[in-house]
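In what follows, a single structure is set out as structure tokens and then discussed.
Structure follows, in structure tokens:
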């Protein structure tokens, strides 16, 4: 009679669901892509998530199917639902996490704030969009992008010629997404979780720092912030230069959390999207805080998300526990923070001369308050192989300790 | 190159090491007694821990061997060490957790405070001890007792006749442990962890509440306490009557933690035992706080312990993470609490009409701040099948929420 959750995909998000499942006494089973993945400990099956028979056989062993990623094809998702399998999030919601043009269209229908956008099928259409939006555009492939891949800032349509050529050669056809280059002061992320029966729980909005399109640091909650006049932004690609640090940006703004108004607006945005799209499980909304104060939706993820890893060590209910509760339609947990501040720093690449744990002697001795998370992946330049979380009362101190701990794994 | 920890025994203590191992990216392997135990997810082997070949084969797959329990026979432990296996805690230390007479003798040699005691081989010797100690004694079997089993309060030697008869029939012979009936006001527990290289980390001393010899509740840190004049104590068996509650005992003492002096004396006692006995890994020292203020050692456990379960949700470093770090001789983590108070309430027996998770709908809805831990064991009267932890700023509130959450599983 033990509740059984099936997770499709064996990456670190599935891995980090395992401790939450163990604590709650849930049976967690993972359909992994290959042997030896991050979530191998719970990988009861290894197989192709694009193969309906494989996924159906896996689904028959569990009470609910959920995901480590958003790549399961729609025909497979819909066949599961037709056969009565509980799938959370469901196909309609996932469609908007799989296709950025569909996501922009749905959010626009719902009247939610997004950057100006258009689906462009030709270079001419893209050039028109560029000309109408200040001489630049962010161009994105509708499908398959992540961590900055499939995203390009262009000032002339020919800079996307290769992508149009690829589209023309793709039997499915389609379009590219063109978006205005938002003049944003920083990036935020709003995490919420929604049960199939409708209840929603939200964590306080966090600030995320990207570098080359990859999340490097998360501050929870988002601190108060007044954009510096000389700050460089390059919307849609990276918030700060590779040489920059959040400390330099924040300067005198570290001491207090963001205004209640910002927190409330971000939460309402997260709730509106979760309800509007019928998301079940955890939803992460990546948000631009524009210089004019507007909050604009950047990307969506319908699963636990890098911006919520802080919650494992910093929140009464982690995003992984909450996701399991939500997809099982169990009551959601309290999202209060354990401490005034939590900072999460990603370990990107990892040491190139050995596994992460070869640095434990030095790292754990130097930073006894740091919570080290090691995804069990081989180090490789740029790869997310782990993260560090530190919690505490003063943001400058917490930032310093978290960065110092992560630096041991460079 | 991943660090590999082998745990002998597949119970809930091994189970609760798994999340800590996953977070730190350690490879955890469990030698379980049978299929389907609490730690089944990591049970790479099922076999008899008393069989040297089984244990040796298991040990060859890991970097260090540690334990879910203290029952591995000394010849097996010593054979492992002779073959160069890292075993933590080691055989000499474990001897004192396996045999209560040896424990009392070693602590006495070290000059550490214990109740008056004697090893008694006959009823005459026991009667002499009773007569010399106020007309009562706590009699314990030297080996094999737990959760109140193998412990009896007697006022005449014939009340232990059956145990003497059993001893006489045991080829190994031996003695019973007789101890004075300590006039204690409450029971405490001091948790420490020690690395093979010597470093020790201590958590603040906690108060434990036993009922019929079984831990039912832990308050971390131990609150300030002035014994009530009319309090009933029955040393060594239970702190309060089955109908009693800690709230009734504490009355006006809930608001503040115990004095710095008490905390310091308890920590020094824990450190002295860990060093004196050469314990590696987590050591739990069960302590009587006598009415005259003395701290007397009751029992020792050389592994994570029920009194430290609060640390999973209430401490920067949990006892399970710390145990893994300690047995691998890695630097120990910070033991600061997340909140002023943590209360852990055991789920004993569990619902007799279904599994624990059949109550999740009601329990999680009513107590969104409670952290539920379900050991995946079948409910059975009196069995430890899970626990609940709640943290917060006010002890009365935290106690109320933790008890209310646990009550859903009665």
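Chains as they are written, first to last, in UniProt numbering: chain A, 1 to 410; chain B, 1 to 410.
Glycine residues also receive a C-beta, built at the ideal position from the N, C-alpha and C atoms.
It should be emphasised that the depicted structure is a prediction, and the values quoted were computed from it without experimental measurement.
Between which two residues does the alpha helix (DSSP H) harbouring residue i extend?
i	result
residue 403 of chain A	395 to 407
residue 276 of chain B	260 to 277
residue 167 of chain B	161 to 169
residue 129 of chain B	123 to 132
What number of angstroms, rounded off, separates the C-alpha of residue i from the C-alpha of residue j?
i	j	result
residue 178 of chain A	residue 68 of chain A	28 Å
residue 17 of chain B	residue 321 of chain B	7 Å
residue 235 of chain B	residue 138 of chain B	Unreliable placement is indicated for residue 235 of chain B, whose pLDDT of 40 sits below 50; no coordinate value is reported for it.
residue 165 of chain A	residue 129 of chain A	19 Å
residue 314 of chain B	residue 193 of chain B	17 Å
residue 190 of chain A	residue 338 of chain A	18 Å
residue 198 of chain A	residue 293 of chain A	30 Å
residue 123 of chain B	residue 369 of chain B	53 Å
residue 157 of chain B	residue 143 of chain B	20 Å
residue 263 of chain B	residue 33 of chain A	51 Å
residue 399 of chain A	residue 109 of chain B	48 Å
residue 100 of chain A	residue 388 of chain A	30 Å
residue 76 of chain B	residue 47 of chain B	14 Å
residue 116 of chain A	residue 182 of chain A	9 Å
residue 256 of chain B	residue 396 of chain B	11 Å
residue 266 of chain B	residue 336 of chain A	32 Å
residue 353 of chain A	residue 378 of chain A	11 Å
residue 392 of chain B	residue 312 of chain B	14 Å
Which residue from the options puts its Cα closest to that of residue i?
i	options	result
residue 210 of chain A	A:185, A:351 and A:194	A:185
residue 345 of chain B	B:33, B:307 and B:24	B:307
residue 113 of chain B	B:395, B:272 and B:89	B:272
residue 174 of chain B	B:191, B:192 and B:120	B:120
residue 289 of chain B	B:124, B:222, B:326 and B:27	B:222
residue 310 of chain B	B:219, B:348 and B:48	B:219
residue 4 of chain A	A:327, A:176 and A:35	A:327
residue 71 of chain B	B:82, B:60 and B:55	B:55
residue 52 of chain A	A:79, A:29 and A:152	A:79
residue 38 of chain A	B:24, B:45, B:39 and B:40	B:24
residue 66 of chain B	B:83, B:91 and B:356	B:91
residue 41 of chain B	B:21, B:58, B:60 and B:49	B:21
residue 376 of chain B	B:361, B:27, B:350 and B:225	B:350
Assign residue i to one of three DSSP states: helix, strand, or coil.
i	result
residue 423 of chain A	Residue 423 of chain A lies beyond the stretch modelled for chain A, which goes from 1 to 410, so this question has no answer here.
residue 55 of chain A	helix
residue 97 of chain A	helix
residue 45 of chain B	strand
residue 81 of chain B	helix
residue 109 of chain B	helix
residue 251 of chain A	In this predicted model, residue 251 of chain A has a pLDDT of only 37, less than 50, meaning its place in the structure is not dependable; the value taken from the coordinates is given anyway. The answer is helix: DSSP assigns residue 251 of chain A an H, G or I state.
residue 7 of chain B	strand
residue 387 of chain B	strand
residue 104 of chain B	helix
residue 202 of chain A	strand
residue 91 of chain B	helix
residue 21 of chain A	helix
residue 76 of chain A	helix
residue 40 of chain A	helix
residue 156 of chain A	coil
residue 256 of chain A	coil
residue 137 of chain A	strand
residue 392 of chain A	strand
residue 225 of chain B	coil
In the DSSP assignment, find the beta strand (DSSP E) that holds residue i and state where it starts and stops.
i	result
residue 32 of chain A	27 to 32
residue 286 of chain A	281 to 290
residue 142 of chain A	Looking at the DSSP string, residue 142 of chain A is not in any beta strand (DSSP E), and its letter there is neither H nor E.
residue 294 of chain A	No beta strand (DSSP E) holds residue 294 of chain A; DSSP gives it neither H nor E.
residue 149 of chain B	Looking at the DSSP string, residue 149 of chain B is not in any beta strand (DSSP E), and its letter there is neither H nor E.
residue 118 of chain A	117 to 120
residue 2 of chain A	Unbroken run through residue 2 of chain A: none, as it is neither H nor E.
residue 62 of chain B	It is not in any beta strand (DSSP E) - residue 62 of chain B carries neither H nor E in the DSSP assignment.
At 3 residues or longer, what runs of the beta strand (DSSP E) sit wholly inside the segment 302 to 372 of chain B?
As summarised for the segment 302 to 372 of chain B, the continuous beta strand (DSSP E) elements at least 3 residues long and confined to that stretch are 341 to 348, given in chain order.
Could you give the uninterrupted runs of the alpha helix (DSSP H) lying entirely in the segment 174 to 222 of chain A, keeping only those of 4 residues or more?
If we require 4 residues or more, the segment 174 to 222 of chain A turns out to have no alpha helix (DSSP H) run fully inside it.
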